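Here the structure comes first, spelled out in structure tokens, and everything after it is commentary.
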Amino acid sequence: MTIIETVKMNGLAPQAYLADILTRIHDHKINRLDELLPWNWAPTTETLSETA
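This is the structure:
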């Protein structure tokens with residue numbers, strides 16, 4: 039629940055955020071994991087088109 043609440047507090051849709059993160063994390067560089075935190079996350083164009 040903590041990650042869901044953090045995502046909501048950052049004004050993001052939890053389902054879109056989690057789907058994107060789970061898709062991207064496997065090949066994301068370990069020294070850039072901070073980019074995937076809710077307060078730094080930027081959706082990909084694919085994620086944007088799925089939520090529209």
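Residue numbers (our numbering): 39 to 90.
Glycine residues also receive a C-beta, built at the ideal position from the N, C-alpha and C atoms.
Note that the structure is predicted; figures quoted are calculated from it, not measured.
Between residue i and residue j, what straight-line distance do the alpha-carbon atoms span, to the nearest angstrom?
i: His-64; j: Lys-46; result: 23 Å
i: Met-39; j: Pro-52; result: 11 Å
i: Pro-76; j: Ile-42; result: 10 Å
i: Ile-68; j: Arg-62; result: 12 Å
i: Leu-50; j: Leu-60; result: 15 Å
Is residue i buried or exposed, if buried means 16 or more other CB atoms sit within 10 Å of its CB?
i: Asp-58; result: buried
Rounded to the nearest angstrom, how far is the Cβ of residue i from that of residue j, given a contact under 8 Å?
i: His-66; j: Leu-74; result: 6 Å
In this structure, does DSSP put residue i in helix, strand or coil?
i: Leu-75; result: coil
i: His-66; result: coil
i: Thr-82; result: coil
Within the continuous alpha helix (DSSP H) that includes residue i, where are the two ends?
i: Ala-51; result: Element bounds for Ala-51: n/a, residue is neither H nor E.
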